[in-house]
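First comes the structure, then the notes that go with it.
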Amino acid sequence: MTTSQDRSSRGSSSGQSLVELTSRFFLGGLAFVPTLIVLALVGLMGYECFLFFNEVSFGDFLTATEWTPQFEENRNFGIQVLLVSTLIVSGIALLIAVPIGIVIGIYLAEYAPSRLRVVVKPVIESLTGIPTIVLGYFAYLTISPVLADRVLPQVRNLIGLFNQEFADSLSLAPFNGLCAGLVIGLISVPVVSSLVENGIRNIPDRLREGSAALGMTKFETLLHVLLPAALPAIVGAVILVTSRIFGETMIAAVAGGAETVLRFNPLESMSTMSAYILNASLATPSLDSIEFRSIFAVGAVLFLTTLVLNTAGNITEAIYRQQVIADQVAKVRVADNPYVALPDIRSLIVAGQQDGFRQSSAVRRSLDWVFQGISLISVFLVAAFLVWMLGDAFLKGYQQLSWAFLTSLPASARDSEQLGIAAPIVGSLWLMAVAFAFAVPVGVGAGMFLEEYLPRLRYGWARKVNAGIEILMANLAAVPSIVYGLLGVELFVRLLAGVTQGRTILSGGLTLAVVILPLLIIATRSALRDVPNSLRRAGYAVGMSSWQVIFFVTLPAAFPSIFSGIILALSTALGETSALVAIGAKAFVSFLPENVLQEFMALPVQIYFWATSPDPVTQKNGAATIVVLAGILLFLNVVALLLRSGRSKLSRL
Amino acid sequence: MNTQINEVRSDIGEEAPAFRLEKMSIAYSGNVAVSGVTLNIPQKQLMALIGPSGCGKSTILRSLCRLNDLIPGVEVSGRISLFHEDIRQMDAIAVHRRVGMVFQRPNPFPKSIYENIALGLRVNGYRGRIDEMVERSLQQVALWDEVKDRLRSSALNLSGGQQQRLCIARALSLQPEVILMDEPCSALDPIASLRIDNLLNQLKQYYTLVVVTHNLQQAARISDSVAFFNTNNDNGRIYGTLAEYGPVVQVFSEPQKKETYDYVNARSN
Ligand SMILES: Nc1ncnc2c1ncn2[C@@H]1O[C@H](COP(=O)(O)OP(=O)(O)O)[C@@H](O)[C@H]1O
Ligand SMILES: [Mg+2]
C-alpha cells in the first residue's frame, strides 16, 4: 500500500504544494468538527447539570423515590423512577431482540441458501429504516389494543387455572411498558443479527472443514466450534444493542406513556429516561427553570450510560476482529526436532473399530432441521410484523390521500377535516436543505482527511489513535438523537440565538446536521476504503500530486458509494423526530416557511402530534402522513440500493 | 538423516482396495473439475496424488470423505466405494468417522490441546475413556511428551508442525480406516515436514493413507503408489483426468505416458 509519506513527497512546484497544504489543513479542520461536537456536548451538558445539582442534592437525585418536577411545593428528582422504567422496558426489548437476532444472524451466516439470503437480509434490515415515530404509533394504536382485547383474556384464562386472584388483577393500560418493549425489541433485531452474522462469517472456513471432517453436523460445528469462537462478537452485539435500546425515544414515549411513577409492572404506563426528556421538552419549559435543567440531568445519565456501553461494545468487537486475525498465525515458532525417535505405536492402534461409538446420527442430524425451523419462524415473525405495520398504516390512511391533502394548509387547528400537510412537507424540505448544506461538506471532507491523509496512523502507537477515532465515530453515530436534540437546544436555540433566532428551521437543520454527520463520515470512509489502490497508483504514475489524486481520482471513484451514504443519511434525517421535538417543532403553523429563521413543522413531528389525537379523522390524517413519509423513505432506500448494486456490477467489469 | 527407509511394496491390487473409484466425475455448478477417474486405492499403504495445480486433487480427496457435501452446487457422478460400500449410500457421519481428513493449513480449534481431541470423541458418542484416547492419539503422532504438561493450554500456542500433528491426532482419535491429507506439509518448514514424513511412514503400516503433495521428493520418500493427474484443455474447457497410477518406482522411473515423464522430470530437477 502506498503510504501517505510517499504520496505527499510528490508535490512538484511550490504552487502545487500550497494547494496541497491548504487542502490538507482545510480537510483536517473539518475532521476536527466531530471532536468539537463531543466537547460541546460534554461542556454544555456539564454546565446545565452543574446548575441542576446546585439546586438538587446529588444524594436526593440518587435516593428519592419520586419524580415530580411539576409540583411547586414538593419537587422531587429521584432518578430511580426513570431508571427503573428504562430497565424494565429495555429488559423486555432485550428478551426479544437478543434471541431472535442471534438466531437470525446464525441462520443468515450458516444456513440460508444464497437466494433466500438476498431476500431475507434486506427485509430484516429495512426495520432499521422505519422512523421510530411510525413504530411507536403502531405500538400504541394497534398492538396495545390487540394485546388488551385478544391476548390478555387468554393469558388470564391460563393463569386462572392456577391462581384466579392473580389472573383477575391483570389489566393492560393503553400506554404500557410491555408494548414499548416489544416493539423496541423487534426493531433492534437487525442490529443483533447483522453483528452476529458478521462475527460468524469472520471465522475462517478451515475450522468448519475441520469439524465436518470429524463427523460433526452443521449444528454441532456451530455449537461447539463457531459460537465459542464468535462469543466476543456476540457479547459485543448484545452490549451495543443494549445501548441502542436505552436511547430509543419515540417508541418509548408514544407507547410507554408519560407517567413518572416508580413502578415495576410493565402492564402499566411508564416513562423511560428518553421519554421523559421528550415529554418535558414538549412543554417547552423556560430555559432557566429547574424543569429545563432536569432534562439535562436525565440527558447526562442517558448519554453517559450509552457512551460506556458503546465504548465497551465497540472495543469488544475490535478485539474480536484482531483475535480472528491473530488466530490464523501459529504463535510459538519452535523449530521441530526431526531426530526424535518415534515411539512404537503398534499397541496403540485401534484403526477401524467403529463399535466404540454410539449410533445416534438420526437424532443428531435432526437438530439442524429444528434449528432451521426456529430460524424460519423468527424470520417470519419479523417479516409479518413489518407487513402488518405497513399494511395497517396504509389501510387506515389511504382514503385521506389526495392532491389537496398534500398541498393544502390546515384552515384552522381545530377543523380536522380540512387538514393538509403542505406545511410539514415544506418544513421538512427546508430542514433537509439546511442539514445537508452543513453536514455533507463537513462529513465528506472529514471522511476524506481521516481516510486519505491519516493512513500513516496504521502502525505503532498511532494505530491506537486511529482505532480511537473509529470508536469515537461509532460512538457519535450511536448517541441517542434525543441527546443531540438537547445539544441543539442549548447550543443553537440558546447560545447562538443571535444567529438562529431561537426555535427556528436553522436550529432544527443544524441539529439534524449533527445527527447525520457521523453517518456521513463513516459512509465516506468506507467508500474511499473500497477504492482499489491500483487506481491511486495510476494517478501518481501520471504525475498527479496527492491532493489531485484525492480530488480527481479517488473521490470520483468513490462517489456512487458516498452518494448512496448521503441518501441513507437523508432518510435518517427525514424520519428523525425526537431531536426536532426537543428543538421545538410546532404542532401547527398556518403558513409555508419562506426563510430559515421561521418556526417550522416537519413530517415525522406532524405524525407525532396527529397520531395520538383522540379525534378519529385526525388519526387518519396521521396514518396518511405515515404513508407519505414511508413512501418517500422507501423510494430513497431503493435508490441507495440500486446505486450500490450498480457500483458492484461496475467493479466486476 | 535418519529418515526411515521406505520399503516399497508392489502388491497393488492383491488385497481388496480400500477405495474403488469408477468413472468418477465431479462438477462445480456445472463446470467439470475432474472427469472419468477410475482408480483403486490399496489398503494399508500410502498413495500419493500428484499433478499440476487445478487438476482436481483436492476435489477428489474431498469427495472421498464427502466433504463436498458442504459446498452447494457440487455434482458427483460415477461410483466411489469404501470396502465395497457405495459411500454415497452410507451415513455421512459414519463416512466422516471412518475416513479422516487433514488439511493443507493446520486448523486446530481455538480451544485447549485436550479439547481439540476430546470434542470429536464426545460429539460422536465415544464409549471408552476420553482421557485415555486423548493420550493414545497424541502418542501416535509423537506429540504426547511435548504437550502432556500443558494439555489445558490453547492449541493455537503450538508451532505449525505441532499443530499439524495435533490435527492428525484429532483424526486418529476417531479410529478411522483411512486418512486423507491435502498437502499436509506445504505450510510447514522443512524440518517440521520431515517429522511428518517420518510419522506417515510409520502410520501407513496401520492405516490407509492418501496424501496430495506437490513435493515429488516427499512423494518418493513416503509413498507406496502414486497417481498422477493432469489437466486437459478441451476447447477452452479445462478439467483434470487421471493420467496414470501404479507403484511409486514404476511411475517415477518407467512412466507409461509422456505427460507423466515430463511432469516427473521437470519437477524433480
Ligand atoms: N469450491 C469450489 N467451487 C468452484 N470451483 C472449485 C471449487 N474448488 C475447486 N474448484 C475448481 O475445481 C478445479 C480443481 O480444483 P482443486 O481440486 O482445488 O485442484 P488441485 O487441488 O489439484 O489444485 C479448479 O479449476 C478449481 O477452480
Ligand atoms: Mg489443492
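Protein chains in written order, with my numbering: chain A, 2 to 654; chain G, 2 to 270. Built from N, CA and C at the ideal position, the CB exists for glycine as well.
1. If we count Cβ pairs, one from each stretch, closer than 8 angstroms, do we get three or more for the stretch 577 to 595 of chain A versus the stretch 503 to 511 of chain A?
2. Give me the subset of the stretch 105 to 137 of chain G whose CB atoms are less than 8 angstroms from a CB atom of chain A, sorted by chain position.
3. Buried or exposed for residue 544 of chain A, please, with buried defined as at least 16 other CB atoms from any protein chain shown within 10 angstroms of its CB.
4. Kindly indicate if chain A contains any beta-carbon less than 7 angstroms away from that of residue 215 of chain G.
5. List, in order along the chain, the chain G residues whose C-beta lies closer than 8 angstroms to that of residue 322 of chain A?
6. Identify, in the order they occur along the chain, each residue of the same chain with its Cβ nearer than 8 angstroms to the Cβ of residue 268 of chain A, setting aside the five sequence neighbours on each side.
7. Indicate the three-state DSSP secondary structure (helix, strand or coil) for residue 266 of chain A in the structure shown.
8. Would you kindly work out how many angstroms separate the C-alpha atoms of residue 617 of chain A and residue 235 of chain A, rounded to a whole number?
9. Please state the DSSP three-state secondary structure of residue 621 of chain A.
10. Determine the DSSP secondary structure at residue 333 of chain A, reduced to helix, strand or coil.
11. Going by the C-beta, is residue 29 of chain G closer than 6 angstroms to any heavy atom of ligand 1?
12. Comparing alpha-carbon positions, which option in A/108, A/71 and A/76 lies nearest residue 381 of chain A?
13. As a quick exercise: from G/139, G/174 and G/96, pick the residue whose alpha carbon is nearest that of residue 129 of chain G.
14. Return the bridge partner residues of residue 232 of chain G from the DSSP annotation.
15. Where does residue 285 of chain A fall in DSSP's three states?
16. Can you check whether the C-beta of residue 85 of chain G is within less than 7 angstroms of a C-beta belonging to chain A?
17. Could you check the C-alpha separation between residue 608 of chain A and residue 385 of chain A for me, to the nearest Å?
18. At a cut-off of 6 angstroms, would you count residue 219 of chain A as near ligand 1, judging by its Cβ distance to the nearest heavy atom?
19. State the DSSP-derived secondary structure class of residue 198 of chain G, mapped to helix, strand or coil.
20. Against chain G, with Cβ distances strictly below 7 angstroms, would residue 358 of chain A count as a contact?
21. From the DSSP output, in three-state form, read off residue 399 of chain A for me.
22. At a threshold of 6 angstroms, does residue 59 of chain G count as lining ligand 2 (C-beta to nearest heavy atom)?
23. Using the three-state DSSP reduction, which class does residue 270 of chain G fall into: helix, strand or coil?
24. Give me the subset of the stretch 112 to 142 of chain A whose CB atoms are less than 8 angstroms from a CB atom of chain G, sorted by chain position.
25. With a cut-off of 8 angstroms on the beta carbons, I'd call residue 186 of chain A and residue 84 of chain A a contact; round off their distance for me.
26. Which of helix, strand or coil does DSSP assign to residue 248 of chain A?
27. Do three or more CB pairs link the stretch 186 to 198 of chain A to the stretch 276 to 283 of chain A at distances below 8 angstroms?
28. For residue 139 of chain A, does the count of other Cβ atoms within 10 angstroms reach 16, so buried, or fall short, so exposed?
29. What residues from chain G crowd round residue 230 of chain A, counting only those whose CB sits closer than 7 angstroms?
30. I think residue 95 of chain G touches residue 60 of chain G, with their Cβ atoms under 8 angstroms apart; what is that distance to the nearest whole Å?
31. For chain A, find out if any of its Cβ atoms is closer than 7 angstroms to the Cβ of residue 29 of chain G; answer yes or no.
32. Is the separation between the beta-carbon of residue 47 of chain G and that of residue 243 of chain G shorter than 7 angstroms?
33. Judging by CA-CA distance, which residue of A/70, A/632, A/582 and A/203 is the nearest neighbour of residue 326 of chain A?
34. Measure how close the beta-carbons of residue 62 of chain A and residue 78 of chain A come, nearest whole angstrom, since I'm counting them as under 8 angstroms.
35. Going by the C-beta, is residue 56 of chain G closer than 6 angstroms to any heavy atom of ligand 1?
36. Candidates A/631, A/372, A/560 and A/488: which alpha carbon is nearest residue 296 of chain A's?
Judging by the given coordinates:
1. yes
2. For the stretch 105 to 137 of chain G, the set of residues with a beta-carbon nearer than 8 angstroms to any beta-carbon of chain A comprises 106, 107, 108, 109, 110, 111, 112, 120, 121, 124, 125, 126, 127, 128, 129 and 137, in chain order.
3. exposed
4. With 7 angstroms as the cut-off, residue 215 of chain G does not count as an interface residue toward chain A.
5. Those within 8 angstroms of residue 322 of chain A in chain G number zero; the least Cβ separation is about 14 angstroms.
6. 171, 172, 173, 174, 177, 178 and 179.
7. coil
8. Distance between the alpha carbons of residue 617 of chain A and residue 235 of chain A: 45 angstroms.
9. helix
10. Residue confidence for residue 333 of chain A is low, a pLDDT of 49 falling below 50, so the modelled location carries little weight; the figure read from the coordinates is stated next. Residue state, collapsed to three classes: coil.
11. yes
12. A/108
13. G/174
14. G/241
15. coil
16. no
17. 23 angstroms
18. Using a cutoff of 6 angstroms, the CB of residue 219 of chain A does not count as near ligand 1, since none of the ligand's heavy atoms is closer than that.
19. When DSSP states are grouped into helix, strand and coil, residue 198 of chain G belongs to the helix group.
20. yes
21. helix
22. yes
23. Bear in mind that a pLDDT of 41 at residue 270 of chain G, under 50, signals an unreliable position, so the model cannot answer this.
24. 114 and 115
25. Taking 8 angstroms as the upper bound for CB-CB distance, residue 186 of chain A and residue 84 of chain A are not in contact here, some 19 angstroms apart.
26. helix
27. no
28. Burial is judged here by how many other beta carbons sit within 10 angstroms of a residue's own beta carbon; residue 139 of chain A has at least 16 and is buried.
29. 111
30. No, residue 95 of chain G and residue 60 of chain G are not in contact; Cβ-Cβ is about 22 angstroms, not under 8 angstroms.
31. no
32. no
33. A/203
34. 6 angstroms
35. yes
36. A/488
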